[in-house]
Structures are given as C-alpha cells and as structure tokens.
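Protein chains in written order, with the working numbering: chain A, 164 to 454; chain B, 4 to 330.
In this text, a Cβ means the ideal position worked out from N, Cα and C, and glycines have one as well.
The structure presented is a predicted model; accordingly, all values stated were derived computationally and were not measured.
Comments concern the structure below.
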C-alpha cells in the first residue's frame with residue numbers, strides 16, 4: 164500500500180477526530196459532573212447544525228460566525244433542560260436517566276423532522292471545496308478549519324476547568340459532591356452549568372460541521388454513537404482521554420473506510436468499542452475522572 | 004383503592020375470558036381490513052414488548068439492540084423462502100437458533116457490564132448487525148431489502164389475500180410470548196431475575212449465578228423476538244436493514260414494555276394498546292408522510308412515564324399493583 168494514501172487517510176481521520184473530540188468532551192463532562200449518560204447528545208449536534216443552516220439561509224452568516232451565537236444560546240437551553248428535566252432523575256436508577264434522555268432524543272429528532280422534513284441540506288460557503296496541499300497530502304479547508312476551531316474550544320474548556328474558580332467548582336462537584344456542598348458550592352448550579360457547557364460544545368461542533376456535512380434530522384445518531392465510543396475509550400469523565408480517544412477513533416474510521424470497505428467504517432469503530440467495554444471498561448487511559 | 008378485594012378477584016377472574024372471547028370473534032364482527040391490520044400491529048408489538056420484557060423488564064437489563072434479534076429471525080426466513088421456497092412456518096427455525104446462539108455469546112460478553120455501559124454495548128451490537136446487513140448486499144439485498152412476491156392465497160407459504168388468518172397467527176404468537184412470560188414470572192428463575200434487577204451484588208451474595216440467569220433470560224427473549232421476525236416476513240412481504248434492525252425499532256420495542264409496565268405479564272399489551280392506536284390517530288391527523296408526529300407523542304409519553312410513573316401505566320390501573328411480583 165502507498166505511504167501517501169495511508170498518510171492522507173490518517174490526516175483525514177485526525178481532522179474528523181477533532182470534531183468528534185469537541186462532541187465527546189461535552190458528553191464526558193456531563194457524565195463526570197452529573198453521572199448522567201446523555202443519550203440525546205447527538206441531537207444537540209443536530210440542533211447546532213440546524214441553527215447554523217438557518218442563520219446561513221436567512222442572514223448569509225458564515226458558520227465560523229454563527230458558532231459564536233450557537234454556543235451561548237445552547238448554554239442557556241442546556242441549563243434549562245437540566246433544571247426542568249434531567250435534575251428530576253439524578254440519583255435515580257440508571258434506567259430512568261437513560262430512558263429520559265432517549266425520550267428527549269426521539270422528541271428532538273422528530274420535531275426537526277416535522278418542521279424541516281427529511282431532506283439533506285447543505286451550507287454553501289465560498290471555501291467549501293478549497294483544498295490546501297502540503298507535499299502529497301491534501302487538507303480540505305473546511306475540515307481543517309473545523310479541526311482548528313474544535314481543538315481551540317476543547318483547549319478553552321480545559322483552561323476553564325483548571326484555571327478558573329467556576330471550573331474548579333465543577334471539578335469539585337464531579338469529585339466529591341458532598342464535600343463540595345460543604346465548601347459552599349451549589350451542586351445544582353454546577354449541574355446546570357455542566358449540562359449547558361456539554362450541549363453547547365456539541366452544538367458548536369454541529370456549527371463547524373455544516374460546511375462539509377449534510378444537515379438532516381437524524382444526523383445526530385451517528386455522532387452520538389461515536390461520542391459514546393470515544394468517551395468509553397478515554398474513560399468516562401476523562402477529558403484528555405476523550406480528546407485522544409476522538410483522534411484515535413477518527414483515524415480508525417478513516418483507515419477502515421480506506422482499506423477495508425467504505426460502508427464498514429463504523430464497524431471498525433464499534434468493534435473497538437465492544438472490545439474496550441468488555442475488556443477495559445475503565446478506558447484506555449486508566450480509570451476515574453481526570454481533568 | 005375503594006374497591007374491595009373480593010371485587011378484584013371477580014374482576015380479574017372473568018375479565019380476561021370475556022376479553023379473549025371478544026378478541027376471537029372480533030374479525031368476524033368487524034371484517035374491515037384497516038381495523039384488522041391495526042389489531043395485528045397491536046398483537047405484534049405487544050408480543051415484541053413481552054419478549055423484550057423478559058430481559059429488559061424482569062431482569063432489568065436494558066437492551067437497546069433488540070431489533071437485531073428480529074433481523075436474525077427475519078432474514079433467514081426471507082432468504083429461505085426466496086431461494087429455496089421454504090415456507091415461513093419452517094424457514095423461521097434456523098433464524099431462531101442463530102438468535103439463541105448469538106444471544107448466548109453476546110450475553111457472556113456484555114453482562115459483566117452494568118447501567119449505561121450495558122445499554123451502550125447493546126446499542127452498538129444492534130448497529131453492528133445493521134451495518135453487516137447493509138454491507139453484504141449480495142446476500143441481503145443491502146439497503147434495497149428483500150421483497151417477497153405475493154402470488155395469490157397459498158396457505159402452505161402463509162400467503163393470504165384476506166387479513167383474518169394473519170390476525171389469528173399473530174394472536175397465537177402473542178399467546179406464546181405471554182405463556183413464556185407467565186412461566187418465567189412464576190418460576191424460580193423469575194425470582195432470581197427479580198433479585199438481580201433489585202440489586203445485583205446482593206443477589207450474587209445470596210448465591211445466584213448472575214451471568215447464567217441473565218444469559219438464559221436473554222436467550223429466551225432473543226428466541227421469541229426471532230420467531231416474531233419470521234412472522235414479520237410472512238406478514239409484511241418486505242424487509243430491509245432499517246425496518247427490521249433499526250435503532251428506532253429497538254426503541255419502539257422497549258417503549259411498549261416500559262410505557263405499559265416493565266416486569267409484568269400484561270404491561271406490554273397495555274403499552275401496545277396505547278401506542279399503536281396513537282400512531283394510527285396521528286397518521287390520520289397529520290398524514291403518514293409526517294411520521295415524526297407519532298414519535299413526538301411517544302417521546303412525550305415516555306418522558307412523562309419515566310418522570311411520574313416509572314413502573315408503567317399498569318400501576319395506575321385498579322388492581323394493577325398486583326401485576327408485579329412481590330416487592
């Protein structure tokens with residue numbers, strides 16, 4: 164096999180992996196802080212895509228600009244969803260939160276279907292088809308931009324969690340909720356913040372996906388599965404683990420579709436997933452929450 | 004509850020027989036094709052919900068990939084019918100064996116996992132089967148699916164122009180699922196599953212073999228689901244990976260059981276009696292092209308049940324409490 168083709172597949176995989184990372188850090192943050200597995204996470208990616216699509220359609224806004232609108236809006240929406248719905252199942256059996264977020268997922272997909280119909284829609288930017296060549300390897304400009312923005316936001320999240328008081332409060336609630344409460348941190352507020360940040364990042368990932376990925380109501384399904392794989396691979400609640408896991412999954416997917424079969428790309432991902440779950444459910448980076 | 008215990012006994016003693024008699028004469032009183040199709044759908048989803056309930060309800064092991072077992076029943080049935088002219092009532096058998104063997108292997112792999120990890124791995128299992136069905140298109144027809152040609156009424160091949168025979172076949176299958184559930188409900192295994200559901204660690208300390216009981220429950224559940232997959236082929240004449248192996252179907256199966264009442268014999272029937280007519284009403288109001296409308300209603304009902312009546316709607320019925328095992 165050609166070295167150049169392998170290299171190209173790895174580059175493509177890494178760029179997609181960056182977007183997966185942004186989706187997965189949100190999921191793993193929600194799990195780490197609240198112990199909730201958000202089955203509706205992919206639908207927030209979809210909502211981000213739909214918002215970006217509509218902003219582009221009606222105002223001609225570039226996805227790079229709309230992400231700055233999408234993230235704060237979804238931060239608020241997330242806090243509301245946490246207060247109105249998710250907070251009611253915290254501390255209840257796992258089934259309750261799985262079924263509640265599953266219900267939310269079905270609800271959001273079908274509301275989108277009702278209003279937008281099942282069509283595949285695309286956002287046409289001037290750089291949609293631009294390519295940047297470095298030696299034999301080609302970088303698609305929208306994918307490269309998505310990768311850079313995704314990594315930037317993941318980095319901002321990391322700085323927020325490690326350098327600010329609010330971020331430290333989140334980590335305290337993740338680590339020891341009772342002790343955090345004694346220290347004067349309100350866990351309910353932190354839960355709302357974690358859920359808000361988590362889904363805002365997912366929606367932000369949706370924004371930067373639109374220049375090279377079709378927008379349709381059930382698009383979230385594939386992203387949520389990949390995000391689950393990534394989060395389990397990196398260790399649930401582990402943010403650096405999620406970023407590494409996402410890049411690894413992006414490359415696995417890209418290599419499988421290049422060298423095995425295009426339509427089996429996800430199969431390689433799922434097989435890794437089941438193997439990790441069965442043999443090392445604490446994730447490849449070891450166990451526990453790491454920030 | 005204001006009614007006395009004696010009244011409960013009388014109600015529960017006669018009501019099922021009266022209901023059964025009504026169901027048996029129903030196709031002769033209302034020969035409307037549309038009504039009968041709706042009834043077959045109710046029986047079918049109630050049966051799927053019952054099958055799911057054995058592992059998802061009684062044992063409390065949430066499976067989000069149950070549609071894969073249906074596909075394992077459906078695909079061999081369809082391929083044997085198309086390729087070798089084997090009638091569905093024989094052709095479903097290899098698929099059932101396949102489902103039981105896969106359930107055995109899957110169970111041993113994933114039942115060490117709990118809560119969300121288990122749910123995720125079963126979701127991935129369903130997706131793996133669906134991707135494989137799409138990939139091997141030379142055998143399975145890929146996304147185009149397999150179509151069974153209808154060549155006039157032929158009882159041997161279970162092809163009927165009228166709706167009545169399917170009505171009774173599906174009713175019999177529902178009866179089978181209910182019978183198996185009833186047997187599990189009252190058996191030693193049923194108690195073990197209940198204990199596992201309540202607290203796995205405590206159950207293990209009491210000497211219950213967790214893996215063995217969970218795997219057996221999954222195998223029973225998978226076998227019944229595969230049988231229903233065979234019926235799906237005979238009744239709908241068309242299968243494709245999304246219709247018999249999609250995550251949507253897996254979710255619909257568990258909705259029937261959860262909305263009705265998990266871990267009860269009759270819960271899935273109540274669930275199906277609510278969900279299927281709701282689909283029909285919403286298709287009538289919004290047009291079946293807007294399939295989204297009925298799922299919006301499902302999702303809202305599911306969320307309401309989870310938040311306000313987590314044991315399902317059967318708990319709200321008079322005497323419903325007694326449908327559960329001891330608690």
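- Listed as beta-bridge partners of residue 162/B by DSSP are 157/B.
- Taking a contact as a CB-CB distance under 8 Å, the pair residue 238/A and residue 360/A counts as one, their CB atoms being some 7 Å apart.
- Bounds of the beta strand (DSSP E) holding residue 302/A are 300-303.
- In the three-state DSSP reduction, residue 286/A falls in the coil class, being neither helix nor strand.
- Residues of the region 427-439 of chain A with a Cβ closer than 8 Å to any Cβ of chain B, in chain order: 427, 429, 430, 433, 434, 436 and 437.
- DSSP places residue 318/B outside any alpha helix (DSSP H), giving it a letter other than H or E.
- Residue range 294-297 is occupied by the beta strand (DSSP E) that includes residue 297/A.
- Nearest neighbour of residue 418/A by Cα position, chosen from 405/A, 407/A and 432/A, turns out to be 432/A.
- In the DSSP assignment, residue 235/A falls within the unbroken alpha helix (DSSP H) covering 226-247.
- Burial is judged here by how many other beta carbons sit within 10 angstroms of a residue's own beta carbon; residue 157/B has fewer than 16 and is exposed.
- If one requires a minimum length of 4 residues, the alpha helix (DSSP H) runs lying completely within the region 37-108 of chain B are 70-87, in chain order.
- Per DSSP, residue 257/A is one residue of the alpha helix (DSSP H) stretching across 257-279.
- Flagged as an interface residue toward chain B: residue 384/A, by a C-beta distance shorter than 9 Å.
- If you draw a straight line from the Cα of residue 338/A to the Cα of residue 391/A, it is about 21 Å long.
- Residue 159/B counts as exposed, since fewer than 16 other beta carbons sit within 10 angstroms of its beta carbon.
- For residue 348/A, the three-state secondary structure derived from DSSP is coil.
- By the Cβ rule, the region 229-244 of chain A does not count as touching the region 399-411 of chain A, because fewer than three pairs are nearer than 8 Å.
- Judged by DSSP secondary structure, residue 229/B falls within the alpha helix (DSSP H) whose first and last residues are 213-239.
- Leaving aside the five residues that flank residue 110/B on each side, the residues in its chain whose CB is nearer than 8 Å to its CB run, in chain order, 214, 217, 218, 221 and 222.
- Boundaries for residue 339/A: no alpha helix (DSSP H) harbours it, and the DSSP string shows neither H nor E there.
- For residue 286/B, the CB contacts under 7 Å within the same chain, skipping 5 residues up- and downstream, are 297 in chain order.
- According to DSSP, residue 242/B shares a beta bridge with 149/B.
- Only buried fits residue 235/B, as 16 or more other CB atoms lie within 10 angstroms of its CB.
- Closer than 8 Å at the C-beta level to chain A, one finds these residues of the region 109-137 of chain B: 112, 113, 115, 116, 117, 118, 119, 120, 122, 123, 124, 126, 127, 128, 130, 131, 134, 135 and 137.
- Within the same chain, and ignoring the five residues on either side of residue 77/B in sequence, the residues whose Cβ sits closer than 6 Å to its Cβ are 232, 235, 236, 242 and 247.
- Nearest neighbour of residue 249/B by Cα position, chosen from 39/B, 135/B, 41/B and 23/B, turns out to be 135/B.
- Contact residues of the region 192-208 of chain A toward chain B are 200 (C-beta to C-beta distance below 7 Å).
- Put simply, the region 227-238 of chain A does not touch the region 174-183 of chain A. Fewer than three CB pairs are less than 8 Å apart.
- Selection 398/A, 428/A and 377/A evaluated against residue 210/A yields 377/A as nearest (Cα-Cα).
- As the crow flies, the alpha-carbon of residue 266/B is around 8 Å from that of residue 59/B.
- Non-local beta-carbon contacts of residue 420/A in its own chain, meaning distances under 6 Å to residues more than five positions away in sequence, involve 428 in chain order.
- One alpha carbon belongs to residue 236/A, the other to residue 319/A, and they sit about 18 Å apart.
- Chain A places a beta carbon closer than 9 Å to that of residue 303/B, counting this residue as a contact.
- Residue 419/A sits in a helix when the DSSP states are folded into three classes.
- Taking 9 Å as the cut-off between beta carbons, the residues of the region 242-260 of chain A near chain B are 248, 251, 252, 255, 256, 257, 258, 259 and 260, in sequence order.
- At least 9 Å separates the CB of residue 362/A from every CB of chain B.
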